[in-house]
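Enquirer:
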Amino acid sequence: MSSSYTHPCAACRARRRKCTPQCVFKPYFPFDQPLKFEKVNEVFGAKNVAKLICELDVHLREDAVNSLVYEAEAWLRNPVYGCDAIISDLLAKLKKAETDLHDAKKKLAPYSGLRAKMPVSKSQLVMPQQQQLVNTPSVVNVCGECSSMGLVIREQPSEHQHHQQQEDQLLAAMKAARDRLLVQSIQTTQQQQAAPPQA
């Protein structure tokens, strides 16, 4: 036996054929992965797979074979719907996630203005970013009273700052809701402990 012996690919081995160096299956169905070829062969047939591989450019072949293997596994798991079952399942999960997100936003909507209603200290009125902008043309000082307090209004907040404000408001609302639930939980526990046992 020569040292240049190479194993036949899984396709040639399953079909009991001699595996040549020009075998189209060899790069994609190695000898140590026989199940990979068996699944594809059972669903699509070796001739169809070989024809498809030969029609494709070399750089597309590996992705095509991986797709065939995935689809063959799907058809073997679900012979009626195949990949459509997986797609339907994923679409249903996506729809549920979108519905859950919509419901969560709906529940948080009352709290979105909560930060605006909170008392703001004088030091919070002018943020370091805004202090840098005071000397720029896009900043306008408002009335003598406001400017003496250090209040500034920018004509157009940047998209990033607007997004950051929304995130801050959402976080504040979530924290307030969490705190409120915690207080309610503590009060309920205290009421249950204080209530006389029923006979």
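Be aware that the sequence shown starts at 1, since it is given in the UniProt record's numbering, and climbs by one per residue.
Even glycine gets a Cβ: it sits at the ideal position worked out from N, Cα and C.
Quantities reported herein were computed from a predicted structural model and do not represent experimental measurements.
#1: Let's test the definition: count the other Cβ atoms within 10 Å of the Cβ of CYS12 and tell me whether it reaches 16, buried, or not, exposed.
#2: Give every residue of the same chain whose Cβ lies closer than 7 Å to the Cβ of LEU182, excluding the five residues on either side of it in the sequence, and list them in chain order.
#3: Can you grab the Cα-Cα spacing for the pair LYS106 / THR99, in whole Å?
#4: May I ask which residues mark the beginning and end of the alpha helix (DSSP H) holding SER88?
#5: Starting from the C-beta of GLY82, find all residues in its chain whose C-beta is less than 8 Å away, skip the five residues before and the five after it, and write them out in chain order.
#6: With 16 as the cutoff for other CB atoms within 10 Å, does ALA109 come out buried or exposed?
#7: When you compare only the Cα positions, how much space is there between ARG16 and LEU90?
#8: Counting only the same chain and skipping the five closest in sequence on each side, list residues whose C-beta sits under 8 Å from that of ILE53.
#9: Whose C-alpha, out of ILE186, SER112, ALA177, VAL69, is nearest the C-alpha of GLU167?
#10: Start and end of the alpha helix (DSSP H) containing HIS7?
#11: Under 8 Å by Cβ, that's how I've got ALA50 and PRO34 pegged, so tell me the actual separation to the nearest angstrom.
Expert: Walking through what the data contain:
#1: buried
#2: none
#3: 10 Å
#4: 83–108
#5: GLU71, ALA74, TRP75
#6: With fewer than 16 other CB atoms across the displayed protein chains lying within 10 angstroms of its CB, ALA109 is exposed.
#7: Taking the straight line joining both Cα atoms gives about 40 Å.
#8: VAL24, PHE25, TYR28, ARG61, ALA64, VAL65
#9: Out of ILE186, SER112, ALA177, VAL69, SER112 has the C-alpha closest to the C-alpha of GLU167.
#10: No alpha helix (DSSP H) holds HIS7; DSSP gives it neither H nor E.
#11: Actually they do not touch by this definition, with Cβ atoms about 17 Å apart.
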